[in-house]
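*Asks:* Mapping the sequence shown onto UniProt numbering, position 33 (from 1) lands on 33, and the numbers just tick up by one.
Below is the structure I would like to discuss, written out as structure tokens.
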Amino acid sequence: MNPTCLKGLNQCLFSASLSLRCSPSRCEHGGRCSQSWAVFHCNCSDSGYSGATCHSPVFEQSCEAYKHNGNTSGHFYIDVDGSGPIKPQLVYCNMTEENTWMLIQHKQQRADQSAAVSREEQLLAAISQSEYCEQDLSYHCRKSRLLNTP
């Protein structure tokens with residue numbers, strides 16, 4: 001900092017240029033950037049990532065990875081593309097002795113276009129890393145027709 005002293009005053013004004021360390025934000029995956037005079041900090045909470053810039057995934061990339069870590073069947077967040085742009089998704093990992101199955105469920109009542117695009121990316125990424133896939137479809141109705149049948 002460079003002091004600027006005014007004549008006749010016993011005080012000096014300190015002028016310093018505050019670097020804009022958060023513009024643009026250095027934080028990835030929705031981390032929130034804050035800064036002091038000297039440093040910036042990324043708050044990665046609720047992002048699914050950690051590290052100085054929210055780059056390192058907190059979650060495993062597959063149910064198989066959770067199984068290798070000693071976990072048993074249950075709900076886990078899966079980050080199918082690691083530190084890539086696709087958000088982590090909650091899945092059920094069915095870990096049997098021989099196989100590990102990832103079950104992706106949804107019970108959406110209304111179509112949300114932005115959620116549908118994100119969900120499609122998540123599904124395609126999960127499918128691409130899977131050895132085998134199948135899809136079950138349930139249709140629950142009351143007093144309605146399925147495919148225009150009586």
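From the three backbone atoms N, C-alpha and C, an ideal C-beta is built for every residue, glycine too.
Count the other C-beta atoms from every protein chain shown that fall within 10 angstroms of the C-beta of Val-39, then say buried if there are 16 or more, exposed otherwise.
*Replies:* Exposed, because fewer than 16 other Cβ atoms sit within 10 Å of the Cβ of Val-39.
*Asks:* Whole angstroms is fine: what's the gap from Ser-114's alpha carbon to Glu-121's?
*Replies:* Low per-residue confidence applies at Ser-114: pLDDT is 48, beneath 50, and the placement is therefore not dependable enough to give any value.
*Asks:* Roughly how far, in whole angstroms, is the beta-carbon of Gln-61 from the beta-carbon of Asp-79, given that I think they are within contact range, below 8 angstroms?
*Replies:* 6 angstroms
*Asks:* If we count Cβ pairs, one from each stretch, closer than 8 angstroms, do we get three or more for the region 91-105 versus the region 65-74?
*Replies:* yes
*Asks:* With burial defined as no fewer than 16 other Cβ atoms inside 10 Å of the residue's Cβ, what is the status of Tyr-139: buried or exposed?
*Replies:* Exposed, by the Cβ-count rule.
*Asks:* If you draw a straight line from the C-alpha of Thr-100 to the C-alpha of Arg-119, how long is it?
*Replies:* 22 angstroms
*Asks:* Secondary structure at Gln-147, three-state DSSP: helix, strand or coil?
*Replies:* Rather than Gln, the amino acid found at residue 147 in this sequence is Leu. Here Leu-147 sits in coil by DSSP.
*Asks:* Could you please give me the residues that DSSP links to Gln-35 through a beta bridge?
*Replies:* In the DSSP output, where bridge partners are listed per residue, Gln-35 has Phe-40.
*Asks:* Relative to the C-alpha of Ile-127, which residue among Cys-141, Leu-137, Arg-142, Met-102 is closest?
*Replies:* Met-102
*Asks:* Please state the DSSP three-state secondary structure of His-68.
*Replies:* helix
*Asks:* Terminal residues of the continuous beta strand (DSSP E) containing Tyr-77?
*Replies:* 74-78
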